[in-house]
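J.:
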Amino acid sequence: MNCCKTTGFLWLISVGSIFAAEEEVLLLFREDRVDRLATKGTETEDLISHYYERLAAPVQERLAALRNQLHNRIDDYEVAFAAADTAEINEIVSDLSWYWAEIQLIHYQEYTEAAIDDLQSAYAALFKLVAGFN
-3 MNCCKTTGFL WLISVGSIFA AEEEVLLLFR EDRVDRLATK GTETEDLISH YYERLAAPVQ
57 ERLAALRNQL HNRIDDYEVA FAAADTAEIN EIVSDLSWYW AEIQLIHYQE YTEAAIDDLQ
117 SAYAALFKLV AGFN
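Its first residue numbered -3, the sequence shown is counted upward by one per residue in our numbering.
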């Protein structure tokens, strides 16, 4: 596993824009976060899979579930957008924001900044709406 040694520290962030009530999230960065992988010419889905393969099985499962929910809600968004259903669109965007925030929290805990950049670019290419949530 290609890892970067970093100093462990706690980071407190505010996630008020995602949730109705402002909530504080405590992130613990370990010293063995996964660094950028050599991924020249790798397809977007494969790139994400290569990064996720380096995580513990429970984390992989959580990310797979979140990614599946994100994919399903984007499909719902397209239907709601075609129907011009503003209320449904707002609900879906709220769900998408939450799923993306959960995915990002895991990324921040498990990966270095360089690896996170790769993953965010891959997600933005795969899910066009995600680019607007950054």
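We put the CB at the ideal spot given by N, CA and C, even for glycine.
1) Identify the residues that DSSP records as bridge partners of ASP71: which are they?
2) ALA79: buried (16+ other C-beta within 10 angstroms of its C-beta) or exposed?
3) Flag this pair as touching only if the stretch 89 to 107 and the stretch 52 to 59 have three or more C-beta atom pairs under 8 Å; answer yes or no.
4) Check ARG50 in the structure and name its three-state DSSP category.
5) Among the candidates ASP28, ASP91, ALA76, ALA52, whose CA atom is the shortest distance from the CA of ARG63?
T.: In short:
1) By 1-based counting over the sequence shown, the position of residue 71 is 75. Partner(s): none; ASP71 has no beta bridge.
2) Locating residue 79 in the sequence shown gives position 83, counting from the first residue. The residue in question, ALA79, is exposed, as its Cβ has fewer than 16 Cβ neighbours within 10 Å.
3) yes
4) Residue numbering aside, residue 50 sits at position 54 when the sequence shown is read from its first letter. ARG50: coil per DSSP, three-state reduction.
5) Here residue 63 corresponds to residue number 67 of the sequence shown, with the count starting at 1. Here the closest residue by C-alpha is ASP91.
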